[in-house]
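Undergrad: Each protein sequence line maps, in turn, to chains X and C. The numbering of the first sequence is the working numbering, which starts it at 1 and goes up by one. The numbering of the second sequence is the working numbering, which starts it at 114 and goes up by one. For every residue, glycine included, the Cβ atom is placed at its ideal position computed from N, Cα and C.
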Amino acid sequence: DGGITQSPKYLFRKEGQNVTLSCEQNLNHDAMYWYRQDPGQGLRLIYYSQIVNDFQKGDIAEGYSVSREKKESFPLTVTSAQKNPTAFYLCASRSTTITYGYTFGSGTRLTVV
Amino acid sequence: SQQGEEDPQALSIQEGENATMNCSYKTSINNLQWYRQNSGRGLVHLILIRSNEREKHSGRLRVTLDTSKKSSSLLITASRAADTASYFCATDASTSNTGKLIFGQGTTLQVKP
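1. Given a cut-off of 8 angstroms on the beta-carbon distance, is the pair T220(C) and L124(C) in contact?
2. Which residue comes first and which comes last in the beta strand (DSSP E) that contains A87(X)?
3. With a threshold of 7 angstroms (Cβ to nearest heavy atom), would F216(C) be considered close to the ligand PLP?
4. Run through chain C and tell me which residues come within less than 7 angstroms of A61(X), C-beta to C-beta.
5. At the 8 angstroms Cβ level, is F104(X) part of the contact set with chain C, yes or no?
6. So for D38(X), helix, strand or coil by DSSP?
7. Please list, in chain order, the residues of the segment 7-31 of chain X that have any C-beta partner in chain C closer than 8 angstroms.
8. What does D196(C) pair with, by DSSP beta-bridge criteria?
9. Let's see if you can read the secondary structure: which residues bound the beta strand (DSSP E) around I46(X)?
Shown next as structure tokens:
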């Protein structure tokens with residue numbers, strides 16, 4: 001079945017530590033996105049990529065980094081510079097050739113311990 | 114930046130009743146989309162309505178768009194307990210086909226059996 005896989009489902013980060021969230025899709029989508037969701041709130045865009053080896057900052061990119069070395073993969077690194085990383089992280093993808101909505105992964109819940 | 118504002122923030126109805134959620138936005142859009150999120154899960158795309166469309170149906174869902182008022186509504190008819198979830202509107206106001214979506218803060222719907 002085609003879809004997006006995010007891993008791990010739960011992640012715990014110690015102060016000063018970098019952690020990487022995985023996002024893999026087999027939908028052959030060109031565009032991929034990372035959003036952050038805080039409790040009871042909507043989604044805010046962190047980074048997005050429309051093509052391999054290219055990505056753009058979203059509204060809240062500070063303290064995060066990404067790479068897009070393969071079409072299928074768009075990992076997000078939460079660095080120690082992100083002062084409030086506890087949140088639910090959602091990865092999404094979409095086709096750039098047809099107008100349709102995003103396909104989302106099931107999310108990674110990151111907690112600082 | 115949060116473009117969409119949803120109303121009401123929370124809605125509780127009995128099974129079989131209709132549920133209406135509203136979304137307002139601020140800028141010109143390419144399309145507007147509605148998503149559902151079950152607790153702790155990723156978002157699921159429900160319906161997309163383009164800026165030149167006024168109404169769209171999908172099963173028990175009916176979406177309207179009024180670009181003059183910059184507002185949209187989602188109607189779920191004959192609601193079921195399984196419709197209990199959070200519902201988000203998202204606007205695509207992007208240029209250059211980036212497909213970036215700006216999400217509202219969502220409406221939490223509870224359908225009582």
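TA: Well, looking at it:
1. Within the second sequence, residue 220(C) is the residue found at index 107, counting from 1. Within the second sequence, residue 124(C) is the residue found at index 11, counting from 1. Yes.
2. Translated into positions along the first sequence, residue 87(X) becomes position 87. In the DSSP annotation of this structure, the continuous segment of the beta strand (DSSP E) that includes A87(X) starts and ends at A87 to R94.
3. The ligand PLP is absent from the structure shown, which contains no ligands of any kind.
4. What you label residue 61(X) is simply residue 61 of the first sequence in a count that begins at 1. Against chain C, a Cβ distance below 7 angstroms from A61(X) picks out nothing, because the smallest value is about 13 angstroms.
5. By 1-based counting over the first sequence, the position of residue 104(X) is 104. Closer than 8 angstroms: yes.
6. Taking the first residue of the first sequence as position 1, residue 38(X) is located at position 38. In the structure shown, D38(X) sits in coil (DSSP, three-state: anything other than H, G, I, E or B).
7. The residues in question are A31.
8. For the purposes of this step, residue 196(C) is identified with residue 83 of the second sequence, where counting begins at 1. According to DSSP, D196(C) bridges with nothing at all.
9. For this step, residue 46(X) is matched to residue 46 along the first sequence. Taken as a continuous stretch (DSSP letters only), the beta strand (DSSP E) holding I46(X) covers L43 to I51.
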